[in-house]
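Asks: One structure follows; several queries about it will come next.
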Amino acid sequence: MPRKGENIYKRKDGRWEGRQQKIGGKYHYFYGKSYREVKVKMRLFLENNKLSENIIPISIPNAVDQFNTWLECEIVNRVKPSTYESYYNCLKKYIIPFYLNNYIDEITEESVMDFVKEMKEDTSISEAYKKKILAIFKTALKEILNNKKDSTAILQAVKLPKAEQKEVEIFSMKEQRHIEWTAINYEDKRAIGIILCIYTGIRLGELCALRWSDFDLEAGTMSIKRTVTRTKNFTLQDTKTQLNVGTPKSRTSIRKIPLPAFLVAIAREYILIDDKEDYYVMSGSNVPIDPRAYQKLFKRVLKKAGVKDRKFHSTRHTFATRALELHVDIKTVSEILGHSNVAITMNVYAHSLMEQKKIAIDKFNHMHLTSMEQQSFAVNSSVNTA
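FYI, the numbering for the sequence shown is 1 to 386, going by UniProt numbering.
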């Protein structure tokens, strides 16, 4: 915090820092080993350069207050519950504590750079999550500093790290066969949903949100219109978390997916009577199944199938990989998955695309060998004729 209302702070590295705001909104910075040293430098600078008349009284709100206001008043009703929970966790666990613990009262280019530096040096956080934290930090800053002078320099100080793309986990064909056989014969018939995910690539939340009215068995299609998430309960109620039924991840996630004929046949066996068409498929009631409960069912099926435990999202990765192996074009795969653009699909499944490229190049190799054999045959025939 500033000493006696003055704009002089003790930094995390032990040094003291003073700032004077000039006309135009820019700051002049002063550094020293003690509070007194900085104060003297600031006084001498003003006296020698006669800039006292150019100083603008500082009236920028407290940084922590700005972040809290943005979080609790500005965006709480503008984003989905799952998105708000991500914002809440990042600000409350990392961003706000940084400003509090370092006694930083204002949002400046230097404080932003220090936070980015601290994030990048923190080995306890994964690269992917660092990128998420900094992206949320930048989003908050952009709205907080809207229409304020010199905001561009502050925003440019947030450099997002390039997270390495890890190869996705999928089920082998042998594992997939074991899972399908186990799911079809499992005592809990909701296990059929696992097969549905493997052959359509839908997400866990989308599966839990499926209603019978989303199926058009005559056309052989399934519509994805909503998703189920469990998020922190921010109201003053007894439960810590709550189920939310909302729109899918993005606009392109609202989609219609054709179903394989065998899945249509399975769906006909389980379809409910007309007055229950708005019931959720996986729960058989007007309340959706909790994604966490279905994930536990998924793990039980894997264990019974003798397949190594993996995240549920592996069913989605398996679908995409199988589709590329079957030479389905990348644009179609992207649309079925509900990705916002083809670039996302290409980045996530780069390893699968590389395999397809190798197959394509092998065709050129075959063409070359065939061509050379024909050329050799033509030359030999000519020699023999002569």
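Heads up, the beta-carbon is just placed ideally off N, CA and C, and yes, glycines get one too.
Tell me which residue opens and which closes the beta strand (DSSP E) that residue 223 is part of.
Replies: In the sequence shown, residue 223 corresponds to position 223, counting from 1. 221 to 224 is the extent of the beta strand (DSSP E) around residue 223.
Asks: If I measure Cβ to Cβ from residue 285 and keep anything under 8 Å in the same chain, skipping five residues before and after, which residues do I get?
Replies: Within the sequence shown, the letter at position 285 stands for residue 285. Result list for residue 285: 279, in chain order.
Asks: Buried or exposed for residue 176, please, with buried defined as at least 16 other CB atoms from any protein chain shown within 10 angstroms of its CB.
Replies: For this step, residue 176 is matched to residue 176 along the sequence shown. The Cβ neighbour count for residue 176, taken over all protein chains shown within 10 Å, is at least 16; the residue is labelled buried.
Asks: Using the three-state DSSP reduction, which class does residue 30 fall into: helix, strand or coil?
Replies: As a first step, residue 30 is located in the sequence shown; it is residue number 30 there, counting from the start. Of the three classes helix, strand and coil, the one that applies to residue 30 here is strand, per DSSP.
Asks: Can you tell me where the alpha helix (DSSP H) holding residue 243 begins and where it ends?
Replies: Taking the first residue of the sequence shown as position 1, residue 243 is located at position 243. For residue 243, there is no enclosing alpha helix (DSSP H); the residue is found in the beta strand (DSSP E) stretching over 241 to 246.
Asks: Can residue 241 and residue 252 be called in contact, C-beta distance under 9 Å?
Replies: Here the question's residue 241 lines up with position 241 in the sequence shown. Here the question's residue 252 lines up with position 252 in the sequence shown. The criterion of a C-beta distance shorter than 9 Å is not satisfied by residue 241 and residue 252.
Asks: How would you label residue 212, buried or exposed, when you count the other beta carbons within 10 angstroms and need 16 or more for buried?
Replies: As a first step, residue 212 is located in the sequence shown; it is residue number 212 there, counting from the start. The residue in question, residue 212, is buried, as its Cβ has 16 or more Cβ neighbours within 10 Å.
Asks: Counting only the same chain and skipping the five closest in sequence on each side, list residues whose C-beta sits under 8 Å from that of residue 132.
Replies: Residue mapping note: residue 132 aligns to position 132 of the sequence shown, counting from 1. Excluding sequence neighbours, residue 132 sits near 86, 90.
Asks: Grab the span of the beta strand (DSSP E) containing residue 228 for me, first residue to last.
Replies: Residue numbering aside, residue 228 sits at position 228 when the sequence shown is read from its first letter. That run of the beta strand (DSSP E) goes 227 to 232.
Asks: If you compare alpha carbons, which of 102, 101, 70 is closest to residue 88?
Replies: Here residue 88 is taken as the residue at index 88 of the sequence shown, counted from 1. The candidate whose alpha carbon is nearest that of residue 88 is 70.
Asks: Tell me which residue opens and which closes the beta strand (DSSP E) that residue 255 is part of.
Replies: Within the sequence shown, numbered from 1, the residue matching residue 255 stands at position 255. Per DSSP, residue 255 belongs to the beta strand (DSSP E) from 255 to 258.
Asks: Here's the rule I'm using: 16 or more other beta-carbon atoms within 10 Å means buried, otherwise exposed. How should residue 249 be labelled?
Replies: Residue mapping note: residue 249 aligns to position 249 of the sequence shown, counting from 1. Burial call: buried.
Asks: State the Cα-Cα distance for the pair residue 79 and residue 66, rounded to the nearest angstrom.
Replies: Sequence index remark: in the sequence shown, residue 79 carries index 79 (1-based). Sequence index remark: in the sequence shown, residue 66 carries index 66 (1-based). So the alpha carbons of these two residues sit roughly 18 Å apart.
Asks: Looking only at its chain, what residues have a beta carbon closer than 8 Å to the beta carbon of residue 34, apart from the 5 residues adjacent to it on each side?
Replies: Counting from 1 along the sequence shown, the entry for residue 34 is found at position 34. Answer for residue 34: 16, listed in chain order.
Asks: Verify whether the separation of the beta carbon atoms of residue 196 and residue 160 is less than 9 Å.
Replies: As a working note, residue 196 is residue 196 in the sequence shown. As a working note, residue 160 is residue 160 in the sequence shown. No; because the gap between Cβ atoms is not below 9 Å, this pair is not in contact.
Asks: Any idea if residue 207 is buried or exposed, counting beta-carbon neighbours within 10 angstroms, 16 or more meaning buried?
Replies: On the sequence shown, position 207 is the one that residue 207 refers to. Burial call: buried.
Asks: Do you know offhand how far residue 319's Cα is from residue 282's?
Replies: Residue numbering aside, residue 319 sits at position 319 when the sequence shown is read from its first letter. Residue numbering aside, residue 282 sits at position 282 when the sequence shown is read from its first letter. Roughly 20 Å between the two C-alpha positions.
Asks: Which residues bound the beta strand (DSSP E) around residue 186?
Replies: Locating residue 186 in the sequence shown gives position 186, where the first residue counts as 1. Segment: none, residue 186 is in no beta strand (DSSP E) and carries neither H nor E.
Asks: In angstroms with no decimal places, state the Cα-to-Cα distance between residue 140 and residue 304.
Replies: Indexing the sequence shown from 1 puts residue 140 at position 140. Indexing the sequence shown from 1 puts residue 304 at position 304. Approximately 46 Å between the Cα atoms of the pair.
Asks: Using a Cβ-Cβ cut-off of 8 Å (strictly less than) and excluding sequence neighbours within five positions of residue 178, which residues of its own chain qualify?
Replies: On the sequence shown, position 178 is the one that residue 178 refers to. For residue 178, where only same-chain residues beyond five positions count, the Cβ hits under 8 Å are 305, 306, 307.
Asks: Alpha carbon to alpha carbon, what distance is there between residue 335 and residue 152?
Replies: Here the question's residue 152 lines up with position 152 in the sequence shown. Here the question's residue 335 lines up with position 335 in the sequence shown. Using only the alpha carbons, I get a separation of about 36 Å.
Asks: Which ranges would you report for the alpha helix (DSSP H) in the UniProt domain "Core-binding (CB)" (58 to 145) if only whole runs of at least 4 residues count?
Replies: List check, alpha helix (DSSP H) in window: 63 to 69, 81 to 90, 96 to 101, 109 to 121, 127 to 144.
Asks: Residue 289 lies in the alpha helix (DSSP H); which residues open and close that run?
Replies: Numbered from 1 along the sequence shown, position 289 holds the residue referred to as residue 289. First-last for residue 289: undefined, no H or E at that position.
Asks: Is the distance from the Cβ of residue 214 to the Cβ of residue 243 below 9 Å?
Replies: Taking the first residue of the sequence shown as 1, we reach residue 214 at position 214. Taking the first residue of the sequence shown as 1, we reach residue 243 at position 243. The answer is no: Cβ separation not under 9 Å.
Asks: Would you call the CB atoms of residue 352 and residue 171 closer than 9 Å?
Replies: If you number the sequence shown from 1, residue 352 lands on position 352. If you number the sequence shown from 1, residue 171 lands on position 171. Not in contact: residue 352 and residue 171 (Cβ atoms no closer than 9 Å).
Asks: Grab the span of the beta strand (DSSP E) containing residue 9 for me, first residue to last.
Replies: Looking up residue 9 in the sequence shown gives position 9. Start and end: 8 to 10.
Asks: Within the continuous alpha helix (DSSP H) that includes residue 347, where are the two ends?
Replies: Here residue 347 refers to the residue found at position 347 when the sequence shown is read from its first residue. Residues 342 to 348.
Asks: Taking residue 223 as the reference, which of 372, 258, 191 has the closest Cα?
Replies: If you number the sequence shown from 1, residue 223 lands on position 223. Comparing Cα-Cα distances from residue 223 to each of 372, 258, 191, the minimum goes to 258.
Asks: When you measure from the CB of residue 77 to every non-hydrogen atom of the ligand HEM, does any distance come out below 8 Å?
Replies: Among the components of this structure there are no ligands whatsoever, and the ligand HEM is therefore not found.
Asks: Where do the ends of the alpha helix (DSSP H) carrying residue 311 lie?
Replies: Stepping through the sequence shown from its first residue, residue 311 is reached at position 311. Counting along the chain, residue 311 falls outside any alpha helix (DSSP H), and DSSP gives it neither H nor E.
Asks: Taking C-alpha atoms, which residue in 234, 44, 9 lies nearest to residue 81?
Replies: Working through the sequence shown from its first residue, we reach residue 81 at position 81. From the listed residues 234, 44, 9, the smallest Cα separation to residue 81 is found for 234.
Asks: Would residue 95 and residue 136 qualify as a contact pair, given that the criterion is a beta-carbon distance under 9 Å?
Replies: Stepping through the sequence shown from its first residue, residue 95 is reached at position 95. Stepping through the sequence shown from its first residue, residue 136 is reached at position 136. Yes. Within cutoff.
Asks: Along the alpha helix (DSSP H) that carries residue 265, what are the first and last residues, could you check?
Replies: As a first step, residue 265 must be located in the sequence shown, where it is residue number 265. 261 to 270 is the extent of the alpha helix (DSSP H) around residue 265.
Asks: Enumerate in chain order the residues of its own chain whose CB-to-CB distance from residue 53 is below 8 Å, with the five nearest sequence positions on each side excluded.
Replies: By 1-based counting over the sequence shown, the position of residue 53 is 53. Because the pLDDT at residue 53 is just 49, under 50, the model does not fix this residue reliably, and the value given afterwards should be weighed accordingly. Contacts found: none.
Asks: Tell me, please, whether the CB atom of residue 62 is closer than 9 Å to any CB atom in chain B?
Replies: Within the model displayed, chain B is absent; a lone protein chain is all it includes.
Asks: Give me the Cα-Cα distance between residue 363 and residue 323, rounded to the nearest whole angstrom.
Replies: Against the sequence shown, residue 363 aligns to sequence position 363. Against the sequence shown, residue 323 aligns to sequence position 323. One C-alpha to the other measures close to 20 Å.
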